[in-house]
Structures are given as structure tokens and as C-alpha cells.
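Chains as they are written, first to last, in my numbering: chain A, 1 to 270; chain B, 1 to 358. One structure is given below, encoded as C-alpha cells.
Dropping the structure here:
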């Protein structure tokens, strides 16, 4: 299905304005240059993949976007405006949610509680109202529970609703983590290797979820993934990084033919 | 056969998130509450009030407070004794400065003062975690006790350096001072324990509680998801200290009547409350009560057994008491490291399936 689906999908986000623009991002850890002058944009409604060999700076890039790292140089524009220095929880409130490469769920909390925690930024009832569990707090809890149940239905994890996530198998944990990120109703969803360590079947499921999220909720998605087949199939546009630099940017078909990308992945004869 | 979920249909989300989802549990809870409120005050005597019920309730409140901080928010504190002292001295200063103020308000206000102090000593938690935070709170413990001993203003320049509670009444009945009836002591502690347990349950079931647990389980992910770590941690310190402060105020005013900071609120008390929380079960409200009851009642039981039944000499009994309590705690933690609350959960799970476990 690869090429056909790819080119079909690629036509979707074409004319949309960029949701996020990264301009000249440079990130250093002491003397180590993790990202060097990388610029790209993420358009409204597209699935944007970031690929590259190990240590290319992909995860660092995601950490920059989610406000966990603060680049020394460069600007991040979100919906046309320069985003000032922000702590991660403020970035979350803007509507940027993410999952992690090594699952970062709240292990002693139930699936339901994990997903409800994802809605943290949307819950408004005051401390006092919650302490007394007065009308507004209880009503809000129920309203958000309804939304959480929609996500549980969407991901098909009804049966593990009240199970502490620490006891769940890996594939389900990955799914719950996606649910937790979705619960925030994000405008931009960042997925750090959503299919790492999965078998083919689980990968197919996860790919389907990602496409469905994009279609049904219209969520813009930026993802890092190593499985080239999956990346070429589901993404609209791809950024390729190597040694902290951007070496390619374009639709799957273009990336496949890009000589720099082929060199980075297959090596160059010396 | 009574203990079944089958046939209980929950058709709304509030129904599904009740405190006692199984109706047998709910009725048992009401029954216990009725006995505690109606029957116990009628039969209580001085010994039961002073040796058993009042200390269990007061320590339960303290354990509840520490459980919110350590069990729910994952921040270790060894400053519980110090914060209890703030509650006690705050209550004393309020009672003596405003003699007309109702004792209930004094106790709640001293909790609020402790919450403020707790926030200040909670500030290091924003940068340090685990054992290092424990050491920082240990500093609070020593500093606060030193403070109350060193400035006579805190104990109103009394010659003994002690603070002694003035007599106060609620609805005409004395609740502090030498003329207090045992049932009055018991009921005021019960009222506070009940109200605070209810408050703790409410706070831990909603988004505030989830933000605490998120910080406990994975603080980086919590922040990325939108939990403000500064707010969540300081909230936990404030609420926890509020509870501990009230426990300190009750400990001083209702239970003991006269205290001296380094004796009543030393580092031992901090450890004692930590033991209660660990033995009772981290992150469980029931566990706080169970742990407090275990630690308070075990010595009482042993004393009754060794001195009363086996008629050992008192000095030998007192010393072997320590050995036996210590050994029992170690044994218990090896057998059930997740505490009494987990044991209760396992028991309920068994009961749910009984008598056909397959």
C-alpha cells in the first residue's frame, strides 16, 4: 500500500498553515552540540516524522518542542507567534502532548487515573471545591470521566480500566501512554518511538491508532520512528537528521531518493 | 456470600467512583461509624480514652498527614515531630492570646499556621528528592524544637518551660484541662479525625490527588503532562502540615494537657509517624488509621499481656516490650511490605471470591 497511501496522505496537509515552526534551533550540552541550526515546520493536520540514525538529535528535538530542553539559539513559533521561555507544564497547557521512548506512565495509578491525569490542564475546579467535593468538583470529574471513557473506547482498553498500569504488558502500556497524551485533547501530539519493541501485529495496531487520531480528531502529529516501512507509510512529510543537522526534508517519496539520506543510513565508501 | 459486586449496577460515573463501591462495605462503614459515635461515648472510661482511643485518633491524624506527603506525593519527611510542635505551640499561643476564641477555631487555625510553616520547609523539595529531602526535613525537625525551647515567648515565659493548656469548652462541656470527661476528649478527637479523613479522601480522588500521585510515580512525565511541580509539591506540604499541625494541637491540648517541646515532639515522634505510615500502607487512608492503631496498641496489648496476665515484673516487661514490638515490626514488614492496607485489600479480594475461588 506504501506509495499510493503515502502520496494520497501527502496531499492532505499541503495548503495548511504551519502549526509550529522551528527556526535555527541550536542545542548544546556543555561542549556537545546536540542540535545544530535545524529549521523545519509542522503543518496543521499533518503527520510529520523525524528520522535519523542513533544519536542524531531526534529525541533532543522533541524535548525542545515539549519545553524540556531550552535551545541556546533559535526560535520556536507556535501558531504564528514566538513561544517565549516556558516550563514544560506551561507548554502542555498550550496543547502540546507527548509520549516517551521509555514508557513514562504513572505505574501505581490505574489506567483510568493515568488518562484522567492527562486531562490535568483542562480541569479547572478549585482546590477548596475538591477538598469539600462540592457540586462543581464532582460534576467536573464526571464530565472529564466521560471524555476519558471515549478515549478508553477508542483504544479498546475497557477491560484494564481499573488495573494499575505497572502490572500491564508492554504493548498495552504503550497504548495507555498514547491514551494519556490524547486525553489532553492536544493540538500537537509528539510521539517518541511509539512502536519501539513491538511485534508486527502491535505495530499495525499502533499505526492504525495514529492514523485514526489524525483523521478523527484532526490532531497534528510529530513522531520519531525507526521502522522505515511504517514511517514511509503513515507520514505526510519527513525530516531527516544526522549528527544534529538536518540532512533532508520532504515527502516520503523524495526522502527515499535523497542521496544524503541514503549515505547517512547506508554509509559512504571512503 | 454477602460480599459480592454481582447485582450491583452502577449507571453513572459518580456511582462508579464511590468510596465504598460494594454495598456490604458501605453498610459496615455506617455501622462502625454509628458504634463509634453513639455506643463508645456511653461506655468509655478514663483508661480507654487516655491509653487507647484518644492516642489512636490523634496519631491517625498525624499519620494521615504524613501519608498525604509521603504516600501520595512521594516526598519523604522526617519533620513530623517538628510540625506537630508548631501545631501545639500555635494552639497554645492562640488559646492564651484570644481566650474567647472557640477551641475548635484555635485548633484549625494552628493547623493553618503549620501549613504555612510546612510550605516554607517544603521549598527544598523543588530541588532535592529522596534521602536528601529527608535530611532537609530533619533540619526542620531540629530547628523547630530548638526554636520553641529557646524563645520563652513561645511558652509565655513559664518557669518550667512547659506549655499547659487552659480550660476550654465546646457547647458548655469542657474538652481541655483537668475536668474533661473522657467521652468529650474522645468525641472531639473523633470529630477531627473523621472530618480530616473525609477531606483527605476528597483531595486524593480528584485532580489534586492525581497531580500528587503523578509527581510521586514519575515527576518528569507529570510535568510534561501539565502538572505544575511547584504547585503540587507545595500543596502536598501544606495539606500534610495542616493535618500534622492539627494532630499536634490535639496531642497537646486534648490528650496530654501539658507538653515540653523536646520531650513531646522530638525526632522519635517523626520516626513513629513514619513507621505508622509504612506499616499501615503508603498511599492509603485506611492504612493511616490501621498503622496508627498498630503502633499505639501493640505496646498496650503487650503490657496487658506481660504484666497483667503473666505477671512479669514491670521493668522486665517494659524492656521486653521494646524488643517484641521491634521484632514484630520487622517480621511484619518482611511478610507484608506493602502494609496493613494491602493486607486488607488481599483479604477483601479473597472474600469476594469465597467460597469458590476458581
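Glycine residues also receive a C-beta, built at the ideal position from the N, C-alpha and C atoms.
Report the three-state DSSP secondary structure of residue i (helix, strand or coil).
{"i": "residue 60 (chain A)", "result": "helix"}
{"i": "residue 86 (chain A)", "result": "coil"}
{"i": "residue 59 (chain B)", "result": "helix"}
{"i": "residue 99 (chain B)", "result": "coil"}
{"i": "residue 73 (chain A)", "result": "strand"}
{"i": "residue 218 (chain A)", "result": "coil"}
{"i": "residue 107 (chain B)", "result": "helix"}
{"i": "residue 54 (chain B)", "result": "helix"}
{"i": "residue 132 (chain A)", "result": "helix"}
{"i": "residue 180 (chain B)", "result": "coil"}
{"i": "residue 336 (chain B)", "result": "coil"}
{"i": "residue 43 (chain B)", "result": "helix"}
{"i": "residue 93 (chain B)", "result": "helix"}
{"i": "residue 119 (chain A)", "result": "coil"}
{"i": "residue 272 (chain B)", "result": "helix"}
{"i": "residue 346 (chain B)", "result": "helix"}
{"i": "residue 102 (chain A)", "result": "coil"}
{"i": "residue 75 (chain B)", "result": "coil"}
{"i": "residue 219 (chain B)", "result": "helix"}
{"i": "residue 37 (chain B)", "result": "helix"}
{"i": "residue 70 (chain B)", "result": "helix"}
{"i": "residue 318 (chain B)", "result": "helix"}
{"i": "residue 232 (chain A)", "result": "helix"}
{"i": "residue 359 (chain B)", "result": "Lying before the first or after the last residue shown, residue 359 (chain B) is absent from chain B, which here runs from 1 to 358."}
{"i": "residue 5 (chain B)", "result": "coil"}
{"i": "residue 282 (chain B)", "result": "coil"}
Which residues does DSSP pair with residue i in a beta bridge?
{"i": "residue 29 (chain A)", "result": "A:32"}
{"i": "residue 41 (chain A)", "result": "A:21"}
{"i": "residue 97 (chain A)", "result": "A:189"}
{"i": "residue 223 (chain A)", "result": "A:49 and A:191"}
{"i": "residue 246 (chain A)", "result": "A:241"}
{"i": "residue 258 (chain B)", "result": "B:164"}
{"i": "residue 110 (chain A)", "result": "A:164"}
{"i": "residue 170 (chain B)", "result": "B:173"}
{"i": "residue 81 (chain A)", "result": "A:78"}
Given a threshold of 16 other Cβ atoms within 10 Å of its Cβ, counted over all protein chains shown, does residue i qualify as buried or as exposed?
{"i": "residue 100 (chain A)", "result": "buried"}
{"i": "residue 231 (chain B)", "result": "exposed"}
{"i": "residue 130 (chain A)", "result": "buried"}
{"i": "residue 146 (chain A)", "result": "exposed"}
{"i": "residue 7 (chain A)", "result": "In this prediction, residue 7 (chain A) scores a pLDDT of 45, lower than 50, which makes its location untrustworthy; no coordinate-derived value is stated."}
{"i": "residue 8 (chain B)", "result": "exposed"}
{"i": "residue 10 (chain A)", "result": "Confidence is the limiting factor: at residue 10 (chain A) the pLDDT is only 47, short of 50, which leaves the residue's position unreliable and the question unanswerable from this model."}
{"i": "residue 146 (chain B)", "result": "exposed"}
{"i": "residue 243 (chain B)", "result": "buried"}
{"i": "residue 192 (chain A)", "result": "buried"}
{"i": "residue 257 (chain A)", "result": "exposed"}
{"i": "residue 203 (chain A)", "result": "buried"}
{"i": "residue 97 (chain B)", "result": "exposed"}
{"i": "residue 249 (chain A)", "result": "buried"}
{"i": "residue 337 (chain B)", "result": "exposed"}
{"i": "residue 341 (chain B)", "result": "buried"}
{"i": "residue 167 (chain A)", "result": "exposed"}
{"i": "residue 227 (chain B)", "result": "buried"}
{"i": "residue 255 (chain B)", "result": "buried"}
{"i": "residue 15 (chain B)", "result": "exposed"}
Return the Cβ separation of residue i and residue j in integer angstroms, given the expectation that the two are a contact with Cβ distance under 8 Å.
{"i": "residue 195 (chain B)", "j": "residue 73 (chain B)", "result": "Between residue 73 (chain B) and residue 195 (chain B) the Cβ distance is about 21 Å, and since that is not below 8 Å, they are no contact."}
{"i": "residue 62 (chain A)", "j": "residue 190 (chain A)", "result": "5 Å"}
{"i": "residue 109 (chain A)", "j": "residue 165 (chain A)", "result": "7 Å"}
{"i": "residue 180 (chain A)", "j": "residue 117 (chain A)", "result": "7 Å"}
{"i": "residue 223 (chain B)", "j": "residue 144 (chain A)", "result": "In fact, because the Cβ distance is near 20 Å, the residues do not count as touching under 8 Å."}
{"i": "residue 62 (chain B)", "j": "residue 95 (chain B)", "result": "The Cβ separation is near 20 Å, so there is no contact."}
{"i": "residue 130 (chain B)", "j": "residue 245 (chain B)", "result": "At roughly 25 Å, the Cβ-Cβ gap does not stay under 8 Å, so residue 130 (chain B) and residue 245 (chain B) are not in contact."}
So is the beta-carbon of residue i under 7 Å away from any non-hydrogen atom of the ligand MN?
{"i": "residue 316 (chain B)", "result": "As presented, the structure is devoid of all ligands, the ligand MN included, so that no description of it is given."}
Worksheet item: For the region 133-152 of chain B against the region 66-77 of chain B, are there 3 or more C-beta pairs whose distance is under 8 Å?
Response: yes
Item to complete: Taking 8 Å as the threshold, find out whether the region 167-177 of chain A comes into contact with the region 101-109 of chain A through three or more Cβ pairs.
Response: With the cut-off at 8 Å, the region 167-177 of chain A and the region 101-109 of chain A touch.
Worksheet entry | Contact between the region 81-99 of chain A and the region 137-157 of chain A (3+ Cβ pairs under 8 Å) | With contact defined as three or more Cβ pairs closer than 8 Å, the region 81-99 of chain A and the region 137-157 of chain A are not in contact.
Worksheet item: Can we say the region 205-219 of chain B touches the region 96-104 of chain B, given the rule of at least three CB pairs closer than 8 Å?
Response: no
Discussion item. Closer than 8 Å between beta carbons: that is the criterion. Which residues of the region 266-285 of chain B meet it against chain C?
Written reply: Annotation note: the requested chain C is absent from the structure, which comprises protein chains A and B.
Item to complete: Could you tell me whether the region 41-53 of chain A touches the region 15-31 of chain A, where touching means 3 or more Cβ pairs closer than 8 Å?
Response: Yes, the region 41-53 of chain A touches the region 15-31 of chain A.
Discussion item. Is it the case that the region 49-62 of chain A contacts the region 234-252 of chain A, given that we only count it when at least three CB pairs across the two stretches are under 8 Å?
Written reply: yes
Item to complete: Please confirm if the region 107-117 of chain B is in contact with the region 284-298 of chain B, defined as three or more CB-CB distances below 8 Å between the two stretches.
Response: no
Worksheet entry | Inter-stretch contact (C-beta, 8 Å, three-pair minimum) for the region 145-161 of chain B and the region 10-22 of chain B | Contact between the region 145-161 of chain B and the region 10-22 of chain B is absent, because fewer than three Cβ pairs lie under 8 Å.
Discussion item. Assess contact between the region 252-272 of chain B and the region 319-327 of chain B, defined as three or more Cβ pairs (one per stretch) separated by less than 8 Å. Is contact present?
Written reply: No contact exists between the region 252-272 of chain B and the region 319-327 of chain B.
Practice prompt. Kindly confirm or deny that the region 48-58 of chain B and the region 181-194 of chain B touch, where touching means at least three C-beta pairs closer than 8 Å.
Written response: The region 48-58 of chain B is in contact with the region 181-194 of chain B.
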